[in-house]
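Okay, structure first, notes after.
4 protein chains.
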Amino acid sequence: MPSVPRKPDPTRRSERSRQAILEATRELISEVGYAKLSVEAIAARAGVGKQTIYRWWRSKGAVVFDSFLALSEGVDGMALPDTGDIEADLKAVIRATVAEFADPTFEAPIRALNLEIASDPDLAAQYREKLAGPVDEAKKERLRSAQRAGQIAADADLDLALELLYAPLYQRWLLRSGPLTPEYADAVVDHVLRALRP
Amino acid sequence: MPSVPRKPDPTRRSERSRQAILEATRELISEVGYAKLSVEAIAARAGVGKQTIYRWWRSKGAVVFDSFLALSEGVDGMALPDTGDIEADLKAVIRATVAEFADPTFEAPIRALNLEIASDPDLAAQYREKLAGPVDEAKKERLRSAQRAGQIAADADLDLALELLYAPLYQRWLLRSGPLTPEYADAVVDHVLRALRP
Amino acid sequence: MPSVPRKPDPTRRSERSRQAILEATRELISEVGYAKLSVEAIAARAGVGKQTIYRWWRSKGAVVFDSFLALSEGVDGMALPDTGDIEADLKAVIRATVAEFADPTFEAPIRALNLEIASDPDLAAQYREKLAGPVDEAKKERLRSAQRAGQIAADADLDLALELLYAPLYQRWLLRSGPLTPEYADAVVDHVLRALRP
Amino acid sequence: MPSVPRKPDPTRRSERSRQAILEATRELISEVGYAKLSVEAIAARAGVGKQTIYRWWRSKGAVVFDSFLALSEGVDGMALPDTGDIEADLKAVIRATVAEFADPTFEAPIRALNLEIASDPDLAAQYREKLAGPVDEAKKERLRSAQRAGQIAADADLDLALELLYAPLYQRWLLRSGPLTPEYADAVVDHVLRALRP
DNA sequence: CGATAAACGAGACGGTACGTCTTGTCTTACG
DNA sequence: CGTAAGACAAGACGTACCGTCTCGTTTATCG
């Protein structure tokens, strides 16, 4: 009589339930916030048994994570604008990022996602692989284009470049340590480009 | 029947209880982690009634926060080393910061503190005022010294400078998105100093 | 260093506080019922420190008890009507008792008192001595008068007689096991008088 | 968000938990007395979650009540002895009742039950229907037999008769207003039978 | 009259228990 | 066998009171 939990058979998984759970999760995060999100409420809202959630996800955080992953599923083929002017292009992108952070609609869910990732190394790994990775690759592609155009040092560390560009915004937003304005976006870009100049 | 909650009288507060609570909180975070920290356990460990906690703190997060605040109480008169060489000084400081982040002893508590701050705007404000503020001021003082020495542009935005220096580390650590090595510390300093050059 | 609790000095007792406590107790029993009565609420309502209650009373029940005792303080010199007709006199008295039980104003407090007495042998003893005793004596005096008039057996056990008269009412009221009507009162008197006939 | 409390589904109720709760309740009343009985302790002793108690019972009193109800479940087919001599039979029964009241083992639980009933009209109604009703019916049946035998007036009010017989005992016991002896039992029976004579 | 000691109001304290909420597991009935 | 439903054991939540323990502040004798 083995007490090893049988693994569920993925082929029999109900797609309808899965979708309902992810959608209910997104709704509830917007409505009550992440701190007050409960598995109980997700199951009720999704019209699903709690066991169905526990069968397919390790933790509440994993559900939250997947509910975001599902959103950005079709967004793979993303590419940053490339007008040939790296400064203009980056400012546009960073300003857009700032605007997104400032949008109160995204505030709660993105914060929930980030707290979950910061708490759970497994989710962080998934996050890097499934979400951040592809996006970062697209960003680095634009930087490589700038390298080819001689606007950025050929030997620049592009991972570090991305961190210099995005981390200040991220930190300000997460810790609410200062205003996120377009001017701030521009200033960051200006500084980072100066650091990366050939 | 007034629903206005009576405010506790701070003059009658038991210092012994306050200390016991903060200490118990620190111990428990180290032992069971922040996610499993409960007010009930804090009270039990501190030999204190739960009401004594709820009387003086708004939330579990506020207790956690204060338990850290208490630690760094005497650290006000801090000042960064100033050998006259801003690059060497910054590299030393940033390498030290990286080492601190890597120390597994501090990992759990600092992460707990950061999650708490990221979740609660009130605590974030307190954090800036009581903890980050003074520390940042000391850091900026060192940068001002570099400005006077002509090593950094006289009109540099020092708040932004700090963010460029520290946010990449912070992000890597929080999201575990990359290794935190002395080399990385040096690279960040090199880039930022290039951006700030007169 | 004796840990024997100093006994309070009765001569210094604040009559104003004592009255306020007893009055607040009576009010609160009427308002929230006995089950939800708390020492905390009594103290608050009376504008009195909790210690002042604990200094002078052993328990909440003792306060409740005293609050009733205080009411019936001046009622010592009571005597039952004596028209010479024991049947008519008893019916009048028992009907009055029934009416008192039925009065919703007295319902809650009397019930509280009785529950307290039933729970606490000490209070029961006090009750017999200070409240029930004198009243019963007056009732027995009327029965003795009936004995002298030859309406009741000369050797009747008057304590038993009182119980036969009052206990049926008491039980019906306490357990709500039947209606308390004037007809019921008369029926009880009729039966008991038959049992006591010479 | 409906505030209507979901009703539990009685078909899924765990009989094992129900029994454990009722048994733990009986044990605890005997051990610590009714006043110090707590839902928390019942749940712990029964190895049951508190919610399982609150799911199926309105109040602590209801649990106490049911724990007694459960005891006297099979006792329906009760009948009083009928030797043809109503006086002897009643004396035997009333003496037995007196003895039961005097038994210290039953003292605490029965008192708890009575206090609960006296406090809560709902429980009182249940008590009459489920416990007192059947028992009283059996007693009245014996009295009817006496009526047929011409030992008691044919038109006697049997409910009143029962109250005259039992209420004096009940009152003495509950208020501890006098000793409960076999002689007392006999005296009550003698008086009541005199009152009921044809 | 002024010292001093007790009772006083206020309310913080260590605790217990409350009744509710959520977690993760288990059971039942259906498809 | 996955599922919706939901009961279950466990235990934390935040609140209400308990009875004890300081705090100053009256108050009321007594030196």
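Residue numbers (full-length UniProt numbering), protein chains in the order written: chain A, 1 to 198; chain B, 1 to 198; chain C, 1 to 198; chain D, 1 to 198. Just so it is clear, CB atoms sit at the ideal spot from N, CA and C, and this is done for glycine as well. If you're wondering where the values come from, they're calculated on a predicted model, not measured in any experiment.
1. Leaving out five residues on either side along the sequence, give the residues of the same chain with a beta carbon under 6 Å from the beta carbon of residue 26/D.
2. Is the shortest distance between the beta-carbon of residue 54/A and the beta-carbons of chain B less than 9 Å?
3. If you compare alpha carbons, which of 50/B, 35/B, 56/B and 193/B is closest to residue 147/B?
4. Identify the contact partners of residue 121/D in chain C, using a Cβ-Cβ distance below 9 Å as the criterion.
5. Taking the C-alpha atoms as reference points, what is the distance between residue 101/C and residue 186/C?
6. If you measure from the beta carbon of residue 32/D to each beta carbon in chain C, is any gap under 9 Å?
7. Per DSSP, what kind of secondary structure is residue 10/D in: helix, strand or coil?
8. In chain C, which residues lie less than 9 Å from residue 134/D when you measure between Cβ atoms?
9. Have a look at 175/A, 174/A and 169/A and flag the residue whose alpha-carbon is nearest the alpha-carbon of residue 181/A.
10. Going by other Cβ atoms of all chains shown within 10 Å of its Cβ, with 16 needed for buried, is residue 129/C buried or exposed?
11. Using 9 Å as the threshold, is the C-beta distance between residue 109/A and residue 34/A below it?
12. For the ligand MG, is there any heavy atom lying closer than 8 Å to the beta carbon of residue 165/D?
13. In chain order, what residues of the same chain lie with their CB nearer than 6 Å to the CB of residue 202/B, ignoring the 5 residues before and after it?
14. With the cut-off set at 9 Å, would you say residue 131/B and residue 69/B are in Cβ contact?
15. Are the CB atoms of residue 142/C and residue 81/C nearer to each other than 9 Å?
16. Hey, is the segment 109-119 of chain C in contact with the segment 106-123 of chain D, meaning 3+ C-beta pairs nearer than 8 Å?
17. For residue 104/A, decide whether its Cβ has a neighbour in chain B, counting only Cβ atoms nearer than 9 Å.
18. Going by other Cβ atoms of all chains shown within 10 Å of its Cβ, with 16 needed for buried, is residue 91/C buried or exposed?
19. Could you say which of 196/D, 197/D, 195/D and 190/D lies nearest to residue 95/D if we only look at CA atoms?
20. Give a yes or no on whether the minimum CB-CB distance between residue 125/A and chain B is below 9 Å.
21. Note down the Cα distance separating residue 13/C from residue 28/C, rounded to an integer number of angstroms.
22. Report all residues from its chain with a CB closer than 7 Å to the CB of residue 43/A; omit the five preceding and five following residues, and keep chain order.
23. For residue 156/A, collect the residues of the same chain with a Cβ closer than 8 Å to its Cβ; drop the 5 residues on either side in sequence, then sort them by chain order.
24. Taking residue 162/C as the reference, which of 140/C, 63/C, 145/C and 175/C has the closest Cα?
25. Does the beta-carbon distance from residue 138/A to residue 175/B come in below 9 Å?
26. Could you give the first and the last residue of the continuous alpha helix (DSSP H) run that contains residue 109/A?
27. Along chain A, in chain order, which residues have C-beta atoms closer than 7 Å to that of residue 153/B?
28. As an exercise, report each continuous alpha helix (DSSP H) stretch of at least 4 residues that is fully enclosed by the segment 144-185 of chain D, in chain order.
29. Enumerate in chain order the residues of its own chain whose CB-to-CB distance from residue 87/D is below 7 Å, with the five nearest sequence positions on each side excluded.
30. For residue 22/A, which residues in the same chain have their Cβ closer than 8 Å to its Cβ, ignoring the five residues on either side in sequence?
31. What does the alpha-carbon distance come out to for the pair residue 58/C and residue 16/B?
32. If we define contact as Cβ-Cβ less than 9 Å, is residue 195/B a contact residue for chain A?
33. Would you tell me roughly how many angstroms separate the C-alpha atoms of residue 32/A and residue 56/A, rounded to the nearest one?
34. Let me know the secondary structure DSSP gives residue 72/C once reduced to three states.
The structure says:
1. 67
2. no
3. 193/B
4. 176
5. 15 Å
6. no
7. helix
8. In chain order: nothing, as chain C lies at least about 14 Å away.
9. 169/A
10. exposed
11. yes
12. Questions concerning the ligand MG fall outside what the structure shown contains, since it holds no ligand whatsoever.
13. As shown, chain B starts at 1 and ends at 198. That puts residue 202/B outside it, with no answer to give.
14. yes
15. yes
16. yes
17. no
18. buried
19. 190/D
20. yes
21. 23 Å
22. 49, 50 and 53
23. 143, 147 and 196
24. 140/C
25. no
26. 104-119
27. Going along chain A, no residue has its Cβ under 7 Å from residue 153/B, so there is no contact; the nearest lies around 10 Å.
28. 158-175
29. 189 and 193
30. 63, 66, 67 and 70
31. 31 Å
32. yes
33. 24 Å
34. coil
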